[in-house]
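Asker: The sequence shown lines up with residues 55 to 172 when you count with the working numbering.
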Amino acid sequence: MSTLKNHVQLIGNVGQEPQITNLESGKKVARFSLATNEYYKGAKGEKVQNTEWHTIVAWGKTAEIIEKYAGKGKEIGVTGKLKSRSYEDKDGIKRYVTEVEANEILLLGTKNGNNSAD
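1. Using only alpha-carbon positions, find the residue among 125, 149, 157 that is nearest to residue 71.
2. So, using beta-carbon positions, are residue 76 and residue 82 closer together than 8 Å?
3. DSSP three-state call for residue 159: helix, strand or coil?
4. Taking DSSP's pairing of strands, which residues face residue 95 in a bridge?
5. Compute the Euclidean distance between the alpha carbons of residue 1 and residue 149, then round it to the nearest angstrom.
6. Rounded to whole angstroms, how far is the Cβ of residue 84 from the Cβ of residue 120, which I believe are closer than 8 Å?
7. Can you name the residues that DSSP bridges to residue 74?
8. With a CB to CB cut of under 8 Å and the five nearest residues on each side skipped, what residues in its chain are close to residue 95?
9. What are the boundary residues of the alpha helix (DSSP H) that residue 114 is part of?
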């Protein structure tokens with residue numbers, strides 16, 4: 055049960071090409087946004103779509119998989135945990151960020167309608 059304390063599972067589409075950073079240690083980090091959609095019927099019976107955006111961060115082997123296979127628009131599943139941090143922006147204002155730190159990625163669907171991994 056301890057794995058349920060801070061556990062996130064999302065299925066969505068990659069919002070933009072992931073930003074890959076190669077650290078001095080040789081480790082990679084990937085950052086990207088993930089859009090998840092929820093559908094419901096509105097007051098007049100029309101289908102309404104609600105999109106939530108999530109910031110995803112992945113390290114090491116997971117970042118390498120993202121770099122190679124998870125381009126913009128690709129449908130993926132992510133498991134991980136929530137991480138919060140703060141930083142000062144260029145104007146000296148303290149900003150707070152909550153991100154999903156991915157520890158597992160599941161590639162779903164196809165990239166640009168192509169069935170082969172690019």
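Backbone N, C-alpha and C fix where the C-beta goes; we use that ideal spot for every residue, glycine too.
Answerer: Looking at the coordinates:
1. When 125, 149, 157 are compared, the shortest CA-CA separation from residue 71 is found for 125.
2. Yes; because the gap between Cβ atoms is below 8 Å, this pair is in contact.
3. Of the three classes helix, strand and coil, the one that applies to residue 159 here is strand, per DSSP.
4. Residue 95 pairs with 101.
5. The structure shown does not extend to residue 1, since the chain is modelled only from 55 to 172, so the question has no answer here.
6. With a Cβ gap of about 4 Å, residue 84 and residue 120 count as contacting.
7. Looking at the DSSP assignment, residue 74 forms a beta bridge with 84.
8. Hits under 8 Å: 101, 102.
9. The continuous alpha helix (DSSP H) containing residue 114 extends over residues 114–123.
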